[in-house]
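Numbering (our numbering), first residue to last: 24 to 153. For every residue, glycine included, the Cβ atom is placed at its ideal position computed from N, Cα and C.
Shown next, in the form of structure tokens:
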């Protein structure tokens, strides 16, 4: 099961990075940035859930209140958890702001910000595993 989750998470990371790269490469042809933004956000959220399960983050949260539980790879109050939680909140704000401000140019910039944040979260978690 563990290798299957690792393979799934790394496969999703590659697909996500490929999607970001292809969107930037063909950005002149994109007419609906809102769709790309929502797709990136939803795919990034799914990836976040898979990686949190892979790293047994739920055990880290349980270990905050129960000392008998062994935490997962990262403690719930670790640097990685705190930074990724803050970046996840910024992710939500970018998507919610795009629902209010419906200009294509704004959504394009929110896509760029969201892509940078997702890449930063991937780097923080995956490089911490080394």
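Query                                                                                                                                                  : Result
Are residue 87 and residue 99 close, meaning C-beta to C-beta below 8 Å?                                                                               : yes
Alpha helix (DSSP H) containing residue 96: first to last residue?                                                                                     : Segment: none, residue 96 is in no alpha helix (DSSP H) and carries neither H nor E.
Which residues in the same chain have their Cβ closer than 6 Å to the Cβ of residue 94, if we skip the five residues on either side of it in sequence? : 82, 83 and 86
Quick one: measure Cβ to Cβ for residue 73 and residue 28, integer angstroms, because I've assumed they're closer than 8 Å.                            : 7 Å
With contact counted as at least three CB pairs below 8 Å, one residue from each stretch, are the stretch 43-52 and the stretch 107-124 in contact?    : no
According to DSSP, simplified to helix, strand and coil, what is residue 59?                                                                           : helix
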